[in-house]
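With the numbering used here as the guide, the letters of the sequence shown map in order to residues 333 to 732.
To start, the structure itself, in structure tokens.
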Amino acid sequence: MDLCMTGIDFVHAPLEKREAVSLVRGQVQALLPCIAAQKGVQGCVLLATCNRTELYLHGAEGTQLDALAVLAEAAGFDAAEYRGYSITRTGENAVHHLMQVAAGLESQIFGDDQIVSQVKGAVALAREAKTVDAVLDTMFRRAVTAGKRVRTETRLTGVPASAAEVGARRAAQFFGSLEGKRAVVIGNGEMGRLAASTLRAQGCAVTVTLRSYHHGETVVPAGCDTWPYDTRCEVLDGADLAVSATTSPHFTLTAEQVAAMQNPPRLLLDLAMPRDIEQAVGEDGRVRLLNLDDLGDLGDYNAEAREVAMRILGEEEQAFYEWYGYRQALPLIAAVKDEALARLHYDHAYSGLHEDGDLDGLAELAVNKTVDLLLGGMKELVDAEHLAACLAHMRKGSGR
333 MDLCMTGIDF
343 VHAPLEKREA
353 VSLVRGQVQA
363 LLPCIAAQKG
373 VQGCVLLATC
383 NRTELYLHGA
393 EGTQLDALAV
403 LAEAAGFDAA
413 EYRGYSITRT
423 GENAVHHLMQ
433 VAAGLESQIF
443 GDDQIVSQVK
453 GAVALAREAK
463 TVDAVLDTMF
473 RRAVTAGKRV
483 RTETRLTGVP
493 ASAAEVGARR
503 AAQFFGSLEG
513 KRAVVIGNGE
523 MGRLAASTLR
533 AQGCAVTVTL
543 RSYHHGETVV
553 PAGCDTWPYD
563 TRCEVLDGAD
573 LAVSATTSPH
583 FTLTAEQVAA
593 MQNPPRLLLD
603 LAMPRDIEQA
613 VGEDGRVRLL
623 NLDDLGDLGD
633 YNAEAREVAM
643 RILGEEEQAF
653 YEWYGYRQAL
663 PLIAAVKDEA
673 LARLHYDHAY
683 SGLHEDGDLD
693 GLAELAVNKT
703 VDLLLGGMKE
713 LVDAEHLAAC
723 LAHMRKGSGR
């Protein structure tokens with residue numbers, strides 16, 4: 333199985349290393365064709381989240397791809413610099429890892445229920461870019477199914493399952509209670525809206541900053557006020573808590589801006605990757621700055637639920653391997669059909685018994701349908717090795 337992946341994630345790389353190779357949607361769309369064009373690559377999918385950048389490759393048969401080198405060349409970073417901060421997996425290890433990622437078992441927040449939509453989005457982008465082949469497409473579809481099943485059939489944790497919710501939990505611990513606190517959320521994307529909704533539900537008076545150049549309908553969580561992004565420092569001065577969760581390539585809050593405030597927020601949560609808030613802000617003794625890596629793993633380990641999750645992953649992995657084995661066996665299935673057809677001997681003088689006189693065509697149709705029905709009913713047993721033995725036996729019987 334010519335599958336391989338490379339991952340730069342929160343387990344193996346510190347935040348500053350992940351930040352340097354973090355990718356937003358537009359960057360992923362631009363990189364996929366470049367990766368697919370590299371020698372030996374038949375298909376590729378690039379998964380980019382706050383805590384991981386992972387490239388999955390399917391190579392031509394016999395090709396040994398260096399996934400990290402492929403990603404580095406396309407993205408423009410030094411592969412050697414990241415050898416110690418990345419991990420590469422091949423074959424079944426790559427399949428198993430993707431299944432675990434989709435189920436939230438490899439997330440910083442154990443049991444994260446946002447990751448399955450991110451995995452689904454990654455393969456959707458690859459489909460749009462036409463860089464995903466049948467093998468990767470099927471593998472990712474099975475992984476998404478596994479993630480959804482784990483989410484609905486078991487509960488891995490009893491705590492919030494997203495960075496926004498965990499951030500709100502940390503804020504509640506910091507203040508003792510969020511009831512009556514003033515919070516400002518910078519960013520109105522998915523993470524920002526979730527943070528705003530969560531804080532509002534816990535009793536905060538929440539203001540969401542909006543950029544003036546955004547056109548069309550803007551969705552703001554119920555009960556939240558809005559404020560222009562360009563004058564955000566005005567509403568931040570005097571607030572208790574600030575959360576920043578944008579995809580901006582620039583800082584949304586700098587040390588200079590915070591220093592100029594008379595009463596800056598006591599707690600700043602930076603949920604963005606790359607980071608939104610300049611790290612020097614944390615040197616201001618009036619504030620506490622927390623980044624993604626400061627959230628830690630707040631998942632309650634549930635051994636029984638994890639056991640059920642692993643069983644589900646095993647079932648979906650097995651389904652993928654059955655599909656893959658059958659796919660690999662297709663050339664041999666065609667050879668079995670040809671051999672079976674060659675074993676049919678009849679006198680062409682009887683061809684007139686059929687009005688079309690096409691006994692050859694009827695025989696071929698019958699053989700093809702019979703073999704398809706027979707092998708299609710036991711796909712889980714069909715593999716190239718067994719079919720090769722079957723074909724050898726058939727040829728031996730015919731004296732070939």
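Yeah, the Cβ is synthetic: ideal placement off N, Cα and C, and Gly gets one too.
Problem - Residue burial classification, Pro597 (beta-carbon count within 10 angstroms, cutoff 16) - result: With 16 or more Cβ atoms within 10 Å of its Cβ, Pro597 is classed as buried.
Exercise for the section: Give a yes or no on whether the C-beta atoms belonging to Ile609 and Leu585 are separated by under 9 Å. Expected result: Against a cut-off of 9 Å, the Cβ pair of Leu585 and Ile609 comes out as a contact.
Problem - Pairwise C-alpha distance: Leu624 and Thr422 - result: Answer to the nearest angstrom: the Cα atoms are 29 Å apart.
Handout entry: Validate contact between the segment 555-570 and the segment 466-478 using beta carbons, cut 8 Å, 3 pairs
Key = Not touching, per the Cβ criterion.
Practice task
Jot down the residue ranges of each uninterrupted alpha helix (DSSP H) in the segment 594-661, minimum 4 residues, whole runs only, in chain order.
Solution key: Whole alpha helix (DSSP H) segments, 4+ residues: 624-627 and 635-660.
Handout entry: Validate contact between the segment 496-511 and the segment 401-409 using beta carbons, cut 8 Å, 3 pairs
Key = Contact between the segment 496-511 and the segment 401-409 is absent: fewer than three C-beta pairs spanning the two stretches fall below 8 Å.
Practice task
Kindly indicate which three-state DSSP category Cys382 falls into: helix, strand or coil?
Solution key: Correct three-state label for Cys382: coil.
Exercise for the section: With Arg502 as the anchor, note down where its alpha helix (DSSP H) starts and where it stops. Expected result: Start and end: Ala495 to Phe507.
Handout entry: Ala407 versus Gly375: straight-line alpha-carbon distance, rounded
Key = About 17 Å.
Handout entry: Validate contact between the segment 360-379 and the segment 461-471 using beta carbons, cut 8 Å, 3 pairs
Key = They touch, by the three-pair rule.
Practice task
For Ser529, count neighbouring Cβ atoms within 10 angstroms of its own Cβ and tell me buried if that reaches 16, exposed if not.
Solution key: Looking at its Cβ environment, which holds 16 or more other Cβ atoms inside 10 Å, Ser529 is buried.
Handout entry: C-alpha distance - Asn520 paired with Val552, whole-angstrom precision
Key = Each residue's Cα considered, the two are about 7 Å apart.
Problem - Where His582 sits in the DSSP three-state scheme - result: Note: His582 maps to coil in three-state DSSP.
Exercise for the section: Starting from the C-beta of Pro492, find all residues in its chain whose C-beta is less than 8 Å away, skip the five residues before and the five after it, and write them out in chain order. Expected result: Here the model assigns Pro492 a pLDDT of 46, short of 50, so the residue's position is not dependable, and the following value carries that caveat. Once the five neighbours on either side are set aside, the close Cβ partners of Pro492 are Ile441, Val498, Ala500, Arg501, Thr530 and Leu630.
Exercise for the section: Have a look at the DSSP bridge pairing and note the partners of His390. Expected result: Paired residue(s): Leu335 and Gly375.
Practice task
Mind checking who Leu542 pairs with in its DSSP beta bridge?
Solution key: Note: Leu542 sits in a beta bridge opposite Pro560.
Handout entry: Opposing strand residues paired with Thr420 [DSSP bridges]
Key = DSSP, once it has assigned bridges, lists Thr338 as partnering Thr420.
Problem - Proximity below 9 Å, CB of Met337 to CB of Ala426 - result: In this structure, Ala426 lies closer than 9 Å to Met337 by Cβ.
Exercise for the section: Would you mind reading off the limits of the beta strand (DSSP E) that contains Arg514? Expected result: Arg514 -> beta strand (DSSP E) spans Arg514 to Ile518.
Problem - Proximity winner among Thr558, Glu386, Arg525 and Arg607, relative to Val451 (alpha-carbon distances) - result: Checking every option, the nearest Cα to that of Val451 belongs to Glu386.
Problem - Ala574, enclosing beta strand (DSSP E) - first and last residue - result: Taken as a continuous stretch (DSSP letters only), the beta strand (DSSP E) holding Ala574 covers Leu573 to Ser576.
Exercise for the section: Using the Cα positions of Gly453 and Glu588, report the straight-line distance between them to the nearest angstrom. Expected result: Computed Cα separation, rounded: 37 Å.
Handout entry: Alpha-carbon spacing of Arg350 relative to Ser449, whole angstroms
Key = Cα-Cα distance, rounded: 21 Å.
Exercise for the section: Could you tell me which residues DSSP puts in a beta bridge with Ala537? Expected result: Beta-bridge partners of Ala537 (DSSP): Arg514.
Exercise for the section: Give the range of the alpha helix (DSSP H) segment to which Ile469 is assigned. Expected result: Per the sequence shown, the amino acid found at residue 469 is Asp instead of Ile. First-last of the alpha helix (DSSP H) with Asp469: Ala466 to Glu485.
Problem - Same chain only: Cβ atoms within 6 Å of Val343, ignoring 5 sequence neighbours per side - result: Excluding residues within five positions, none has a Cβ falling inside 6 Å.
Practice task
State the DSSP-derived secondary structure class of Glu566, mapped to helix, strand or coil.
Solution key: In this structure, DSSP gives Glu566 a helical state, which the three-state scheme calls helix.
Handout entry: Glu615 at chain B interface by Cβ criterion, 9 Å
Key = No chain B appears in this structure, which consists of one protein chain only.
Problem - Proximal residues to Gly614 (C-beta, below 7 Å), its chain only, five neighbours per side dropped - result: In chain order, Leu621 place their CB closer than 7 Å to the CB of Gly614, counting only its own chain and leaving out the 5 sequence neighbours on each side.
Problem - Nearest candidate by alpha-carbon position, reference Thr323, set Arg638, His429, Asp334 and Arg643 - result: For the chain, the structure presents residues 333 to 732; residue 323 sits outside this window and is missing.
Exercise for the section: Please work out which residues of its chain come closer than 7 Å, Cβ to Cβ, to Arg543, disregarding the five sequence neighbours upstream and downstream, and give them in chain order. Expected result: Here the set comprises Tyr561.
Problem - Outcome for Pro606 when other beta-carbon atoms lying within 10 angstroms are tallied against a minimum of 16 - result: Answer is buried; the Cβ neighbour count reaches 16.
Practice task
Just the C-alpha distance for Gly646 and Tyr417, rounded to the nearest angstrom, thanks.
Solution key: Straight-line Cα distance between these residues: approximately 28 Å.
Exercise for the section: Keeping to the same chain, check which residues put their C-beta closer than 6 Å to that of Phe583; ignore five residues upstream and five downstream. Expected result: Hits under 6 Å: Glu610.
Handout entry: Same chain, Cβ closer than 6 Å to Val356, neighbours up to 5 away in sequence not counted
Key = Answer for Val356: Thr579, listed in chain order.
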